[in-house]
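Asker: Numbering (this note's numbering), first residue to last: 3 to 312.
The beta-carbon is built from N, C-alpha and C at its ideal position, and this holds for glycine as well.
Below you'll find the structure I mean.
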């Protein structure tokens with residue numbers, strides 16, 4: 003089939019790989035390059051970089067609904083369009099262009115976790131199960147009919163980054179399976195159950211700010227949900243300190259939240275509002291991520307030192 007692929011970040015790449023191997027991907031549509039670093043140098047999204055390396059034309063429209071993009075898409079004459087983490091809302095006239103419509107990968111078990119940050123939210127909430135939904139894209143926000151859905155465990159120590167890669171791999175296989183059904187007319191459309199809908203919002207830097215008065219479980223989930231971005235943070239000596247890895251220490255503590263109650267070979271045990279967290283890796287301002295054992299050799303913490311809220 004002739005396919006136009008819509009996607010922007012790394013999570014979209016596994017689907018693009020498989021599609022390009024089996025179908026005719028005539029073009030890729032992704033968001034515009036973003037300025038990066040102090041010099042604000044334009045940086046190509048991962049999907050654009052891969053497409054250009056493999057000779058696939060790339061479109062990066064700044065406007066989607068002025069008629070110009072719709073005319074371009076009609077000229078491409080796709081049988082179907084596949085959308086994976088494109089990051090922009092498409093209106094109905096565009097959705098009606100491909101002969102077989104738009105197929106969308108959403109990394110949650112819809113109708114749970116509709117919206118822009120389903121993986122972050124599942125990890126932050128401490129969900130024990132997640133999955134991928136392949137759906138028919140409509141003009142709503144993740145409201146289309148479900149074509150295929152598969153679940154997988156969400157381990158208690160998994161980060162957003164780790165789950166994103168696993169879900170991307172599973173989802174790519176599901177996209178291929180769904181397209182076979184769409185092409186031969188056997189796809190089954192299942193309406194979403196409106197009584198089970200939950201919504202997510204866009205994650206922000208502030209979502210990484212640690213409040214040590216929260217229970218250890220909440221802080222632990224926040225830390226792993228914030229990897230790779232924004233990375234959970236607190237303050238120490240009035241400087242930001244980022245926490246890259248921690249586990250729950252199930253023990254009764256009698257210290258102010260944020261206090262380092264003891265130092266083990268490879269971890270700082272820090273009091274929270276309930277129980278403690280065992281911090282294994284940190285990042286001081288202007289420094290690389292370091293294991294606590296390595297950090298202690300040059301800038302040792304002491305029991306009784308206190309982290310403040312982020």
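Does the distance from the C-beta atom of residue 165 to that of residue 105 stay below 8 Å?
Answerer: Result no, Cβ atoms of residue 165 and residue 105 do not sit closer than 8 Å.
Asker: Can you give me the C-alpha to C-alpha distance between residue 135 and residue 180, rounded to a whole angstrom?
Answerer: Using only the alpha carbons, I get a separation of about 10 Å.
Asker: Name, in chain order, the residues that DSSP records as bridge partners for residue 77.
Answerer: Answer is none; residue 77 lacks a bridge partner.
Asker: Using DSSP with H/G/I as helix, E/B as strand and the rest coil, what is residue 196?
Answerer: Correct three-state label for residue 196: helix.
Asker: What's the C-alpha gap between residue 280 and residue 220?
Answerer: Their backbone Cα atoms lie some 13 Å apart in a straight line.
Asker: Where in the region 134-208 do unbroken runs of the alpha helix (DSSP H), each at least 4 residues long, occur, reported from the N-terminal end onward?
Answerer: You should have 162-186.
Asker: Spatial neighbours of residue 76 within its chain, please: CB distance less than 7 Å, with the 5 preceding and 5 following residues excluded, ordered by chain position.
Answerer: Same-chain partners within the cutoff: 99.
Asker: On the DSSP bridge assignment, give the partners of residue 261 in chain order.
Answerer: DSSP output for residue 261 lists 308 as bridge partner(s).
Asker: Threshold first: 3 residues or longer. Then list the beta strand (DSSP E) segments lying entirely within the region 277-309, N to C.
Answerer: The qualifying runs are 278-285.
Asker: Counting pairs of Cβ atoms below 8 Å between the region 143-151 and the region 169-186, do you hit three or more?
Answerer: The answer is yes - the region 169-186 touches the region 143-151, with three or more Cβ pairs under 8 Å.
Asker: Is the number of C-beta pairs between the region 291-306 and the region 249-256 that are closer than 8 Å three or more?
Answerer: Cβ pair count under 8 Å is below three, so no.
Asker: Since residue 210 contacts residue 238 with CB under 8 Å, what's their CB separation in whole angstroms?
Answerer: The pair is not a contact, with the Cβ atoms about 15 Å apart (cut-off 8 Å).
Asker: On the premise that residue 170 lies in contact with residue 13, defined as a C-beta separation below 8 Å, what is that separation, rounded to the nearest angstrom?
Answerer: Between residue 170 and residue 13 the Cβ distance is about 4 Å, and since that is below 8 Å, they are a contact.
Asker: Can you give, in chain order, each stretch of the alpha helix (DSSP H) that sits fully within the region 88-121 and has at least 4 residues?
Answerer: Runs found: 94-97.
Asker: Taking all protein chains shown into account, do 16 or more other C-beta atoms lie within 10 angstroms of the C-beta of residue 73, making it buried, or fewer, making it exposed?
Answerer: When all chains shown are included, residue 73 counts as exposed.
Asker: Would you identify the three-state DSSP class for residue 65, choosing helix, strand or coil?
Answerer: Residue 65 falls in the coil class under three-state DSSP.
Asker: Quick check on this structure: which residue in 139, 49 and 176 has the alpha carbon closest to the alpha carbon of residue 153?
Answerer: The candidate whose alpha carbon is nearest that of residue 153 is 176.
Asker: Rounding to the nearest angstrom, what Cα-Cα distance links residue 38 and residue 10 in this structure?
Answerer: So the alpha carbons of these two residues sit roughly 16 Å apart.
Asker: From this set, 61, 274 and 265, which residue's C-alpha is nearest residue 252's C-alpha?
Answerer: Checking every option, the nearest Cα to that of residue 252 belongs to 274.
Asker: If you follow the beta strand (DSSP E) that residue 4 is part of, which residue opens it and which one closes it?
Answerer: Taken as a continuous stretch (DSSP letters only), the beta strand (DSSP E) holding residue 4 covers 4-9.
Asker: Can you tell me whether residue 210 is helix, strand or coil according to DSSP?
Answerer: Residue 210 falls in the helix class under three-state DSSP.
Asker: If you draw a straight line from the C-alpha of residue 84 to the C-alpha of residue 92, how long is it?
Answerer: Taking the straight line joining both Cα atoms gives about 12 Å.
Asker: Starting from the Cα of residue 58, find the closest Cα among 32, 245 and 191 and give me that residue.
Answerer: If we check each option's Cα against that of residue 58, 32 comes out closest.
Asker: Distance, Cα to Cα, residue 240 vs residue 298?
Answerer: Residue 240 and residue 298: Cα-Cα distance of roughly 19 Å.
Asker: Tell me which same chain residues have a C-beta within less than 6 Å of the C-beta of residue 25, skipping the five on either side of it?
Answerer: Around residue 25: 3 and 5.
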